[in-house]
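In the order they appear, the protein sequences are chains V and X. All residue numbers for the first sequence refer to the working numbering, where the first residue is 115 and numbers rise by one. All residue numbers for the second sequence refer to the working numbering, where the first residue is 21 and numbers rise by one. Data first, discussion second: the structure below is written as structure tokens.
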Amino acid sequence: MQQLINGIQLGFVYALIALGYTMVYGIVRLINFAHGDVFMVGAYLGFFALTSWHLPFPVAIILAMVGCALLGVFIERVAYKPLRRAARISALITAIGVSLFLEYFSSLKFVFGPYFRAYPRPFPIRTFTIAGITISNIQIIVLAVAILLMIALTIFVNRTKTGLAMRAVSFDHDTARLMGIDVDNIISITFGIGAALAGAGGVLYGIAYPQIHPFMGIMPGLKAFIAAVLGGIGIIPGALLGAIIMGIVEKLTEVYISSTLRDAAAFGILILVLLIRPSGILGKKRDEKV
Amino acid sequence: MLTVSNISVAYGAISALREITFNVEKGEIVTLIGANGAGKTTTLKCISGLIKPRQGEILFEGKKIDRLPAHQITKMGIVQVPEGRKPFVDLTVWENLLLGAFNRPKNEIATALERVFNSFPRLRERLHQRAGTLSGGELQMMAMARGLIANPKLLMLDEPSMGLSPLLVREIFSIIREINRAGTSILLVEQNAFMALKVAHRAYVLETGRIVLSGTASDLIEHPKVKAAYLGE
Ligand SMILES: Nc1ncnc2c1ncn2[C@@H]1O[C@H](COP(=O)(O)OP(=O)(O)OP(=O)(O)O)[C@@H](O)[C@H]1O
Ligand SMILES: [Mg+2]
């Protein structure tokens with residue numbers, strides 16, 4: 115039970131990253147492999163906000179989200195937009211290139227530096243024991259912020275005009291254009307929102323697993339990607355479902371089997387999904403759209 | 021109001037339109053008829069900005085529009101109801117209509133909706149149904165309503181009669197006439213040449229990317245070539 119709570123906590127962090135994968139895939143059919151690195155940048159922005167600039171924790175999260183949103187939009191405009199009409203493989207390779215660039219550029223001494231840094235705790239850890247389960251204030255914060263952001267996202271996508279436009283664009287670009295929707299603009303907004311969520315995820319990850327480095331985005335990025343596939347890529351609730359399953363499986367494997375098998379379990383899930391149900395748990399069988 | 025001059029379009033090396041020239045005046049219903057693959061849909065997509073012509077010029081109310089992005093052309097008042105209706109199947113009818121009204125101010129939507137229900141009363145009961153569950157006829161009505169709710173100056177309809185029963189075809193065409201009487205100019209693409217010529221003021225016949233005949237609809241309906249090729253007489 116204790117491990118279940120820990121797994122859910124990890125799952126919610128994955129979910130914040132997985133949402134960006136799934137939203138971007140839904141709208142431009144691109145696996146944005148640089149997304150895990152945006153998460154890393156978010157963790158660093160939060161780090162500097164807390165340590166160098168001594169900002170309060172909520173401000174640090176907002177700053178990381180805004181910074182990552184700008185980065186996400188910038189990456190989309192510069193790297194992906196020119197390739198919108200090119201073969202899909204070119205965009206995929208570009209995504210890997212952007213990812214490597216972010217990792218190595220961040221490793222430079224005058225950027226984030228190539229070393230591990232200890233993440234500050236914005237407040238002292240306190241634990242509570244309720245009915246035999248121990249939960250810390252950090253865990254509560256992680257869960258609360260993640261759930262809050264997901265509720266906000268759900269309201270945005272389902273209740274606002276821009277959210278409606280996003281759903282229209284993810285269905286069919288040309289028909290959306292005929293409705294008078296500026297599709298390029300909606301795509302940028304989607305990248306921005308996805309990146310902002312990853313940025314928040316980065317800060318939460320930092321306070322929960324308090325060590326960061328420029329390559330920290332790779333593994334959570336891959337696992338969030340697997341989570342998105344598991345839930346059904348392109349489907350927003352699927353990302354949350356997949357991520358929570360991933361978090362729990364990972365924690366249970368780590369504790370009850372072996373921590374060395376933790377990552378293997380994640381990739382095992384990917385292989386199983388691809389073999390048994392490639393469209394994911396919530397995915398419908400639908401023909402590939404052109 | 022719409023002037024298309026010498027438009028040519030090619031898909032890769034295959035040319036689809038060769039120096040097409042025609043016009044639509046305010047208040048008119050103009051129809052473009054032609055066989056499968058003649059280039060009718062390509063012509064509409066070119067006007068709405070979904071594809072760009074290789075050469076030629078398109079003017080709308082005196083402004084050059086052939087280099088503008090599609091969403092701006094829609095905003096200017098040219099609205100295309102695409103071939104095959106292209107519903108957003110996962111969204112409700114209401115959400116589809118809201119998308120049609122995307123660039124209209126919020127306070128105009130309620131009245132615009134009432135106007136649309138006047139033409140398509142059946143949509144009222146279907147409002148909260150997923151578009152994917154509508155029948156073919158209802159889908160065509162929703163697609164036209166989604167175009168109409170944008171308050172277009174020029175409404176372009178691509179094969180509205182496709183796949184509908186004769187009774188429904190007649191209903192759709194009488195609605196087209198009503199829409200036109202209420203002041204909207206219409207560019208109608210059809211394979212059902214007989215119905216199209218009966219409702220239109222003027223017509224153009226398209227054959228493999230070229231306009232081969234043009235004139236008033238009443239003249240063309242009597243033209244021996246049209247009779248032979250498109251009216252099956
Ligand atoms: N995306 C495309 N890529 C390549 N060729 C295309 C494309 N779209 C249309 N064409 C070709 O251009 C020509 C004109 O097609 P278009 O769709 O405009 O015809 P149409 O008159 O609308 O026919 P239909 O009555 O069957 O709808 C056809 O030969 C078609 O094969
Ligand atoms: Mg066509």
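Yeah, the Cβ is synthetic: ideal placement off N, Cα and C, and Gly gets one too.
Is residue i a contact residue of ligand 2, with contact defined as CB to any heavy atom under 7 Å?
i: X/Asp178; result: yes
i: X/Thr61; result: yes
i: X/Glu227; result: no
i: X/Glu210; result: no
i: X/Glu103; result: yes
Taking 7 Å as the cut-off, is the C-beta of residue i nearer than that to any heavy atom in ligand 1?
i: V/Gly181; result: no
i: X/Tyr31; result: yes
i: X/Gly76; result: no
i: X/Ala90; result: no
i: X/Gly54; result: yes
i: X/Ile129; result: no
i: V/Gly356; result: no
i: X/Ile27; result: no
i: X/Ala58; result: yes
i: X/Ile34; result: yes
I'd like to confirm the pairing. Which residues does DSSP put opposite residue i in its beta bridges?
i: X/Val99; result: X/Leu175
i: V/Arg231; result: V/Ile326
i: X/Lys84; result: X/Leu79
i: X/Thr23; result: X/Asn43, X/Leu79
i: X/Gly54; result: X/Leu226
i: X/Ser28; result: X/Gln75
i: V/Phe242; result: V/Ile249
i: X/Ser35; result: X/Ala30
i: X/Thr112; result: X/Arg150
i: V/Ile119; result: In DSSP, V/Ile119 forms no bridge with anything.
i: X/Ile49; result: X/Ile206
Using only the alpha-carbon positions, how far apart do residue i and residue j sit?
i: X/Glu103; j: V/Gly356; result: 38 Å
i: V/Asp401; j: V/Pro238; result: Residue placement at V/Asp401 is flagged as unreliable, the pLDDT there being 44, under the threshold of 50; the coordinate-derived value follows with that caveat. Taking the straight line joining both Cα atoms gives about 52 Å.
i: V/Val404; j: V/Leu388; result: Because V/Val404 carries a pLDDT of 33, less than 50, the predicted location of this residue cannot be relied on, and the following value inherits that uncertainty. Approximately 21 Å between the Cα atoms of the pair.
i: X/Arg105; j: X/Glu158; result: 10 Å
i: V/Val225; j: V/Glu217; result: 11 Å
i: V/Arg270; j: V/Ile307; result: Correcting the residue type first, residue 270 of chain V is Phe in the shown sequence and not Arg. One C-alpha to the other measures close to 10 Å.
i: X/Glu191; j: X/Gly156; result: 14 Å
i: X/Arg124; j: X/Lys173; result: 14 Å
i: X/Arg135; j: V/Phe188; result: 43 Å
i: V/Leu292; j: V/Ser250; result: 51 Å
i: V/Ala279; j: X/Gly120; result: 11 Å
i: V/Met360; j: X/Lys72; result: 46 Å
i: V/Ile207; j: V/Ser284; result: 22 Å
i: V/Ile349; j: X/Asn116; result: 19 Å
i: V/Ala209; j: V/Ile332; result: 13 Å
i: V/Leu159; j: X/Ala130; result: 45 Å
i: X/Met176; j: X/Asn127; result: 26 Å
i: V/Pro196; j: V/Asp286; result: 19 Å
i: X/Arg201; j: X/Glu227; result: 30 Å
i: V/Ala129; j: V/Phe219; result: 26 Å
i: X/Gly183; j: X/Met96; result: 31 Å
i: V/Met179; j: V/Ala309; result: 7 Å
i: V/Phe171; j: V/Ile303; result: 25 Å
i: X/Gly252; j: V/Asp296; result: 43 Å
i: V/Gly181; j: V/Gly134; result: 15 Å
i: V/Gly246; j: V/Met115; result: 9 Å
i: V/Leu386; j: V/Ile301; result: 31 Å
i: X/Ala220; j: X/Ile49; result: 5 Å
Query raised in the report: Are the stretch 151-158 of chain V and the stretch 315-330 of chain V touching by the rule of at least three beta carbon pairs closer than 8 Å?
Result: In short, these stretches touch, since the Cβ pair count reaches three.
**Report entry** Length-filtered (4 minimum) alpha helix (DSSP H) runs lying within the stretch 152-238 of chain X
**Finding:** Runs of the alpha helix (DSSP H) inside the stretch 152-238 of chain X: 156-168, 186-201, 213-219.
Query raised in the report: Does the stretch 198-217 of chain X come close enough to the stretch 39-59 of chain X that 3 or more CB-CB pairs lie under 8 Å?
Result: As far as the Cβ criterion goes, the stretch 39-59 of chain X touches the stretch 198-217 of chain X, which means the pair count is three or higher.
Query raised in the report: Would you call the stretch 121-135 of chain V and the stretch 334-341 of chain V in contact, with 3 or more CB pairs under 8 Å?
Result: Contact between the stretch 121-135 of chain V and the stretch 334-341 of chain V is present, because at least three Cβ pairs lie under 8 Å.
Query raised in the report: In chain order, which beta strand (DSSP E) runs of at least 3 residues are fully inside the stretch 303-364 of chain V?
Result: Taking only runs of at least 3 residues, no beta strand (DSSP E) segment lies wholly in the stretch 303-364 of chain V.
Query - Touching by the beta-carbon criterion (3+ pairs, under 8 Å), the stretch 203-211 of chain V and the stretch 320-328 of chain V - result: Judged by Cβ distances under 8 Å, the stretch 203-211 of chain V makes no contact with the stretch 320-328 of chain V, as fewer than three pairs qualify.
Query raised in the report: At which residue ranges does the stretch 145-190 of chain V contain complete alpha helix (DSSP H) runs of 4 or more residues, listed in the order of the chain?
Result: Correct list: 149-165, 171-189.
Query raised in the report: Are at least three pairs of beta-carbons, each pair with one atom in the stretch 162-169 of chain X and one in the stretch 136-149 of chain X, less than 8 Å apart?
Result: Output reads yes: the stretch 136-149 of chain X touches the stretch 162-169 of chain X.
Requested in this report: Could you tell me which uninterrupted alpha helix (DSSP H) segments, each at least 4 residues in length, are contained entirely in the stretch 248-280 of chain V, listed from first to last along the chain?
Outcome: Assignment of alpha helix (DSSP H) within the stretch 248-280 of chain V, counting only whole runs of 4 or more residues, yields 251-273 in chain order.
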